[in-house]
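Undergrad: Please read through the structure below; I'll follow up with questions.
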Amino acid sequence: MLVHEYAQGDKDALGRLLPLVYGELRRIAQKHLWGERPGHTLQPTALVHEMYAKLAGQSAPDVRDRIHFLSIAAGVMRQILIDHARTKYAQKRGGRQEMLSLDEAQHACLEKPAIMIRIDDALNELARQDPPKARLVEMRFFGGLTAEESAQLLNIPVNSVRRELRVAQAWLQRELNQNSQGPKLSTGTLPS
Amino acid sequence: MMENWERIQSLFLEVLDLRPEQRAPFLDAACADDSEMRQEVESLLAHDSDGEQIAEAIEGATHSLFDSTAIEPGTKLGDYEVLRLIGSGGMGEVYRAEDLRLERYVAIKVLSPFVTNDPDRLRRFEQEARAAAALNHPNILAVYQMGVYQDTTYLVSELLEGDNLRELMKLGPLPWRTAVEYAVQIAHGLSAAHGKGIVHRDLKPENLFVAKGGHLKILDFGLAKLTSVDQASVPGPLTEAGLVMGTVGYMSPEQVRGQIVDYRSDFFAFGAILYEMLSGQRAFTRPTAADTMSAILNEDPPAISQFLTMTPPGLQRVVRRCLEKNRDQRFQSASDLAFALEALSDTGTSTVSEVPSAPRGPVWKVAIPLVAAALLVGGALNRRSSQNKRLTEKDTTVLADFVNTTGDPVFDDALKTALTVSLRQSPFVNVLSDNKVVATLRLMARPTATPLTPDVTREICQRAGSKAYIAGSIAPLGSHYVLGLKAMNCQSGDLLAEEQVTAPSKEKVLDALGGAASKLRSQLGESLATVQTFDVPLAEATTSSLEALKAHSLGVKTLGEKGAADGLPYFQRAIELDPNFAMGYSALGDGYNSLGEVGRASEYYTKAFELRDHTGEREKLAITANYYSSVTGELDKAARAYQGLIERYPRDSRPYNELANVLTGQGQYEKAADAYHQSLRLDPNSTAPYGNLGNTAMAMQHFDEARQMIREAHARKLDDFILHTQSYALAFLTSDSVGMADEQKWFAGRPEENDMLSLAADTEAYSGHLGKARELSRRALDSSIRADSKETGAIWQENAALREAAFGNLREAKQVAADGYRLFPTSQGVEVEAALAYAMAGDTARAESLAQALNKRSPVDTQMQLVWLPAVHAQEALDQKHFAEALDDLRVIAPSVEFGQMAFVDNLSCLYATYIHGEAYLAAGQGAAAAAEFQKILDHGGIVWNCWTGALAHLGFARANALQARTSQGADADAARVRSLAAYEGFLTLWKDADPDLPILKEAKAECAKLR
């Protein structure tokens, strides 16, 4: 019901909605920030707050239910990460550019924001060709929705989610590799 | 391609289900002649992987984004060297680092890029960091500095050793007293923050740090706000709400609801924490965040009494009141809260006895000794440590150089000078003088210009027997400045007090520093009354111009290293920058005074006096006293001013020394000796009081005591030419020619050699060796000029002129007097002696002209009006045979001032006025009175030393008695005649190998022969 009020433009409803979705938002953030590596302890709280701020700043979308809300949150998360990557990329490119040697320019630190930007570009391209797949990627990989939740939201059978993702990933991978400005994108080449 | 997309996908998925060898035939069949479609499917297959490679790529990229803040050990952030990661929080990672300049460990929090990539947010963060840095409270983590390293913003704060409350609570619930003790500290910290309008918003056990010894600090003030919704960009009711995501479980109901957060929200979190400390259970804990939030909104936690039976009932009430859902029903101020808790811990001891809970498991076996020990010693230790933390008024303190990381050199020395002034207002804090610091550096075999780093300062502090040292720092914080002051015990290295303030602009730095210094004074144990009474704002106490203050500081530094002449241009610059800079004028006065340019010194002292209200209390009193003693010469007022200074700052040795100097000017040697002894008691390693005590002892004819003082000074490895002139005089007075020769040797080649040459001239003249005396006086003059001390040279010449006049060589007297006066006409000492020399040489007009000028310039000067001018006028009257008038002039001479050490000339005094008085009585035919005057001179060898007046007093006494013999009859006349003859004999013996053609010798011989 709160979701509905939020959808109706009652921004205060977001405040009241928050306790309900806090755990989920936190889970989303956690997914992004807590890798498998021990000792990586950057808390997801800040990211949650960031999402909250962005959600609150958006014009209230037509939110149907909790899962829909989470899918919106996933889009927000993607937006945050890509904004962040662009800022980082600009910083690396900007201020210190003249100081970088060619070798340094190929340093991984410079690549990672670039990879994020290229994934985003590829996802946008995918959205033009096959919007549901792009949303699915967003929900699953940026929003951390489960296969079941995604299936429910996209109104497809759960086992289709896996298949759709398989196609989407292959497509994205190809898109990334065609745009061959950088190293071949695969898990193997990503420094962790 | 688009029209085939569905088909391509299904082919791709179908192929994936096939074994590799089946794939090509399948595609051959399925695509038939659509090579484009086949190519599509194959290219997708080529990029397929079974895993979630895109997901992993996103994850990896995300990590790298937020990971890039990780800083390698050894990296230098400004003056900080990162040592290792010690933790991380919502805002970023925390590193242990070393402050290379202050040589201390600090914590550096490197902020998460979320915060730093958004300029608005960064600005807000800066504001908050500034506010947090302004929170200057023992229960709040001190934030030192904010900086940016490459793209990374970091915050430097004190490094705490200990554990956060979360860790401590892992050992189980805390004994209620410990819990209350911590809670009281939290409440005090909150009170300070709330008082400045800062709400924590994210109070939780992780943010509460208990240092070793039980001292609690609240961390991350102001940081919580950073995670709030960007208020500027959010329209609608949320804007006002400014919701902050506190940690679930410690959030207040209003935070959960997204309502406006205020300081009372902190009390809710406080209540939840206190609850947890006491019970070992979280007040609100549910499996999911949503359920927890629901509990916060709707449920009350179980009563603490369910966990602990022996807590005071009041404690339960405090917790409940903090956890009220409606904030209006909570405590309304942190000080109320602290008060309620303190009341509990005070009364608790008598009404409730602590019964340890039954051990609950292995954890307790660790916990009990730790906690019980803390419990047992906690109270007493706290009290004792708070006493240890304080200074007493007997302690002295050394100031380290400021550590200036602003990059703005104006702060380099200016702030230390300002801090010195600020602290010097205090009757309680005794700052070790620059002279003592330099002396101690010499003992440490270090150059006097050694930068006073905290380490060096600590060593000086230890060596000088001081209790504490104060290290100041200034660091940039955005466009603001953070000023820190730390007082450390130099023996133990313990932190005694710490203050930190922020200044919103460069112009406000001095105000901020003054405020911090005042607070530090309180922390160090000074009474509030004196802190408040003596608390002139620094800009007022010094100058509002930092540049002027810097110039002044450089002047002081240069003066210490290279001498007054080199320091003066800086002081001059300082007063150009701020024409109302009283201390600047005062320093110029001191500088010129030490160069012997008394006239200019007086001008600057006068200006300083006029501006004395623009200084701190101590400077004001000192400038006032100095004005009376050095400019107007009103010795009574000067003595009173120094006494006032002593009453207010009884721990400072210098005013005692100054007062004593004034007293010697008044001829009150006994009182002066007492004051010198006081000075010495406070500062046994200062040379001046030894020399001065030697003088007073000699003036009182206590020669053994004088020798003793000199020996004591030497035993303390203190040396000064004054001590050697005294030794010489003592040797002279006891006819110890070997001792005199030894002292003469000491002076050879030294800048003060001219003093000894002049003394040697006096010795020769004393025996009538005028030729030798003239030669030595000439050498003294040359030596003075070589030593760049013309004024002294001029004084030696006037001394010689007086001698010539007294010996009857009036022409030479006038000539030498004129030469001396020409050499240095602007010195009061030269003028008075020249006036007297002219008068004695019969040049009444010149004498009177000088006398009038002196009278005009020094209308209230004690010695001028009561000794010098009466002597000059009397001599003028004698020249004109106006004997009664002469005696009348001399009537004003006050008994003790007559013997006073003469302020304008270097040696004690020749008692010229007394000599002239004797001459006036002789001329007026009053033999007995004349004899009494000459007797005074003969009785005060310790004042007169080897001055010719001492020799001629024998002749004067002989003549006075001869006069008496003539003017009386019978036995009196006979006795007078015998005394007179003896005195003549004595004089002629003294002058037995005198230069033969001295007029006065011829007269004496003739008179003696006649008397026989």
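Sequences listed follow chains A and B, in order.
Going by the numbering used here, 8 is the number at position 8 of the first sequence; the sequence numbering is gapless.
Start counting at 1 in the second sequence, then tack on 192, and there's your number in the numbering used here.
From the three backbone atoms N, C-alpha and C, an ideal C-beta is built for every residue, glycine too.
For residue 658 (chain B) versus residue 584 (chain B), is the C-beta spacing smaller than 8 Å?
TA: Against the second sequence, residue 658 (chain B) aligns to sequence position 466. Against the second sequence, residue 584 (chain B) aligns to sequence position 392. No, the pair does not count as a contact, with Cβ atoms beyond the cut-off.
Undergrad: Check the C-beta distance from residue 474 (chain B) over to residue 441 (chain B) and give it rounded, since I have them as a contact under 8 Å.
TA: Translated into positions along the second sequence, residue 474 (chain B) becomes position 282. Translated into positions along the second sequence, residue 441 (chain B) becomes position 249. Right, the Cβ-Cβ distance comes to about 6 Å (below 8 Å), so this counts as a contact.
Undergrad: Which residues, in chain order, does the segment 817–848 of chain B contribute to contact with chain A at a C-beta distance below 9 Å?
TA: none
Undergrad: Is it the case that the CB of residue 1071 (chain B) approaches a heavy atom of the ligand GDP more closely than 7 Å?
TA: With respect to the ligand GDP, the structure shown offers nothing to examine, as it has no ligands at all.
Undergrad: Assign residue 908 (chain B) to one of three DSSP states: helix, strand, or coil.
TA: Position 716 of the second sequence, counting from 1, holds the residue named residue 908 (chain B). Of the three classes helix, strand and coil, the one that applies to residue 908 (chain B) here is coil, per DSSP.
Undergrad: By the 10 Å Cβ neighbour count, where 16 or more other Cβ atoms means buried, how is residue 443 (chain B) classified, buried or exposed?
TA: Counting from 1 along the second sequence, the entry for residue 443 (chain B) is found at position 251. Under this definition residue 443 (chain B) is a buried residue.
Undergrad: Which of the three DSSP states is assigned to residue 110 (chain A) in this structure?
TA: For the purposes of this step, residue 110 (chain A) is identified with residue 110 of the first sequence, where counting begins at 1. Only weak support exists for where residue 110 (chain A) lies, its pLDDT of 46 falling under 50; the value from the coordinates is given anyway. If DSSP states are grouped into helix, strand and coil, residue 110 (chain A) belongs with the helices.
Undergrad: Given residue 218 (chain B), which residues of its chain have a CB within under 8 Å of its CB, disregarding the five upstream and five downstream residues?
TA: Along the second sequence, one-based indexing puts residue 218 (chain B) at 26. Hits under 8 Å: 206, 207, 210.
Undergrad: Between the Cα of residue 1102 (chain B) and the Cα atoms of B:1122, B:939, B:998, B:701, which residue gives the shortest distance?
TA: If you number the second sequence from 1, residue 1102 (chain B) lands on position 910. Per the Cα distances, B:998.
Undergrad: With 16 other CB atoms within 10 Å as the buried threshold, where does residue 367 (chain B) fall?
TA: Working through the second sequence from its first residue, we reach residue 367 (chain B) at position 175. Answer is buried; the Cβ neighbour count reaches 16.
Undergrad: I need the DSSP call for residue 292 (chain B), collapsed to helix, strand or coil.
TA: Sequence index remark: in the second sequence, residue 292 (chain B) carries index 100 (1-based). Three-state result, residue 292 (chain B): coil.
Undergrad: Need the endpoints of the beta strand (DSSP E) that residue 410 (chain B) sits in, please.
TA: On the second sequence, residue 410 (chain B) is found 218 positions in, with the first residue counted as 1. Where residue 410 (chain B) is concerned, the enclosing beta strand (DSSP E) stretches over 408–410.
Undergrad: Output, in sequence order along the chain, the residues in the segment 220–250 of chain B whose CB is closer than 9 Å to any CB in chain A.
TA: From the segment 220–250 of chain B, only 235, 236, 237, 238, 239, 240, 241, 242, 243, 244, 245, 246, 247, 248, 249, 250 have a Cβ closer than 9 Å to chain A.
Undergrad: Tell me the rounded alpha-carbon separation between residue 1175 (chain B) and residue 1078 (chain B).
TA: What you label residue 1175 (chain B) is simply residue 983 of the second sequence in a count that begins at 1. What you label residue 1078 (chain B) is simply residue 886 of the second sequence in a count that begins at 1. Answer to the nearest angstrom: the Cα atoms are 25 Å apart.
Undergrad: Mapping the DSSP letters down to three states, classify residue 668 (chain B) as helix, strand or coil.
TA: As a working mapping, residue 668 (chain B) is identified with position 476 in the second sequence. Reduced to three states, the DSSP call for residue 668 (chain B) is strand.
Undergrad: Going by DSSP in three states, residue 338 (chain B) sits in which element: helix, strand or coil?
TA: The residue you call residue 338 (chain B) lines up with position 146 of the second sequence. Strand, per DSSP.
Undergrad: For residue 204 (chain B) and chain A, any beta-carbon pair shorter than 8 Å?
TA: Translated into positions along the second sequence, residue 204 (chain B) becomes position 12. In terms of beta-carbon proximity, residue 204 (chain B) lines the interface with chain A, with at least one pair separated by less than 8 Å.
Undergrad: When burial is assigned at 16 or more other CB atoms within 10 Å of the CB, is residue 625 (chain B) buried or exposed?
TA: Start at 1 with the first residue of the second sequence, and residue 625 (chain B) comes out as number 433. By the 10 Å Cβ count, residue 625 (chain B) comes out buried.
Undergrad: Could you give the distance in angstroms between the alpha-carbon of residue 978 (chain B) and the alpha-carbon of residue 885 (chain B)?
TA: Here residue 978 (chain B) is taken as the residue at index 786 of the second sequence, counted from 1. Here residue 885 (chain B) is taken as the residue at index 693 of the second sequence, counted from 1. About 30 Å.
Undergrad: Between the beta-carbon of residue 166 (chain A) and the beta-carbon of residue 240 (chain B), is there less than 8 Å?
TA: Start at 1 with the first residue of the first sequence, and residue 166 (chain A) comes out as number 166. Start at 1 with the first residue of the second sequence, and residue 240 (chain B) comes out as number 48. Against a cut-off of 8 Å, the Cβ pair of residue 240 (chain B) and residue 166 (chain A) comes out as a contact.
Undergrad: Between the C-alpha atoms of residue 347 (chain B) and residue 461 (chain B), what's the straight-line distance to the nearest angstrom?
TA: For the purposes of this step, residue 347 (chain B) is identified with residue 155 of the second sequence, where counting begins at 1. For the purposes of this step, residue 461 (chain B) is identified with residue 269 of the second sequence, where counting begins at 1. The straight-line gap from Cα to Cα measures roughly 25 Å.
Undergrad: Using a Cβ cut-off of 8 Å, which residues of the segment 131–165 of chain A contact any Cβ in chain B, in chain order?
TA: 137, 140, 141, 142, 163, 165
Undergrad: Could one say the Cβ of residue 208 (chain B) lies closer than 8 Å to chain A's Cβ atoms, at least one of them?
TA: Your numbering for residue 208 (chain B) matches position 16 in the second sequence. True, the Cβ-Cβ gap to chain A drops below 8 Å.
Undergrad: From residue 791 (chain B) to residue 665 (chain B), what distance separates their C-alpha atoms?
TA: To locate residue 791 (chain B), count along the second sequence from 1; it is residue 599. To locate residue 665 (chain B), count along the second sequence from 1; it is residue 473. Residue 791 (chain B) and residue 665 (chain B): Cα-Cα distance of roughly 40 Å.
Undergrad: If I follow the unbroken beta strand (DSSP E) through residue 692 (chain B), where does it start and stop?
TA: Here the question's residue 692 (chain B) lines up with position 500 in the second sequence. Boundaries of the beta strand (DSSP E) harbouring residue 692 (chain B): 687–695, taken from the DSSP string.
Undergrad: Quick one: using the 10 Å Cβ neighbour count with 16 as the cut-off for buried, is residue 859 (chain B) buried or exposed?
TA: Reading the second sequence from its first residue, position 667 is the one you call residue 859 (chain B). Buried is the call here.
Undergrad: Less than 8 Å between the beta carbons of residue 334 (chain B) and residue 690 (chain B), yes or no?
TA: Walking along the second sequence from the start, residue 334 (chain B) turns up at place 142. Walking along the second sequence from the start, residue 690 (chain B) turns up at place 498. A contact, by the Cβ cut-off of 8 Å.
Undergrad: Give a yes or no on whether the minimum CB-CB distance between residue 51 (chain A) and chain B is below 8 Å.
TA: Looking up residue 51 (chain A) in the first sequence gives position 51. Chain B, which has no Cβ nearer than 8 Å to the Cβ of residue 51 (chain A), makes this no.
Undergrad: Rounded to whole angstroms, what is the Cα-Cα separation between residue 212 (chain B) and residue 233 (chain B)?
TA: As a first step, residue 212 (chain B) is located in the second sequence; it is residue number 20 there, counting from the start. As a first step, residue 233 (chain B) is located in the second sequence; it is residue number 41 there, counting from the start. Approximately 14 Å, taken between the alpha carbons.
Undergrad: Assuming contact is defined by CB atoms lying nearer than 8 Å, are residue 922 (chain B) and residue 907 (chain B) in contact in what I supplied?
TA: Taking the first residue of the second sequence as position 1, residue 922 (chain B) is located at position 730. Taking the first residue of the second sequence as position 1, residue 907 (chain B) is located at position 715. Going by C-beta atoms, residue 922 (chain B) is not nearer than 8 Å to residue 907 (chain B).
Undergrad: Closest to residue 984 (chain B) by C-alpha separation, out of B:1013, B:960, B:996, B:1006, would be which residue?
TA: As a first step, residue 984 (chain B) must be located in the second sequence, where it is residue number 792. Taking the Cα of residue 984 (chain B) as reference, the smallest distance to any Cα among B:1013, B:960, B:996, B:1006 is reached at B:1013.
Undergrad: Got a sec, what are the start and stop residues for the beta strand (DSSP E) residue 356 (chain B) sits in?
TA: Here residue 356 (chain B) refers to the residue found at position 164 when the second sequence is read from its first residue. For residue 356 (chain B), the enclosing beta strand (DSSP E) stretches over residues 354–356.
Undergrad: Check the DSSP bridge columns for residue 678 (chain B) and list the partner residues they point to.
TA: If you number the second sequence from 1, residue 678 (chain B) lands on position 486. Checking the DSSP bridge columns, you'll see residue 678 (chain B) partnered with B:663, B:690.
Undergrad: Taking only the alpha-carbon atoms, compute the straight-line gap between residue 852 (chain B) and residue 863 (chain B) and give it to the nearest angstrom.
TA: If you number the second sequence from 1, residue 852 (chain B) lands on position 660. If you number the second sequence from 1, residue 863 (chain B) lands on position 671. So the alpha carbons of these two residues sit roughly 7 Å apart.
Undergrad: Do residue 649 (chain B) and residue 661 (chain B) count as a contact pair if the criterion is CB distance below 8 Å?
TA: Walking along the second sequence from the start, residue 661 (chain B) turns up at place 469. Walking along the second sequence from the start, residue 649 (chain B) turns up at place 457. Contact flag set, yes.
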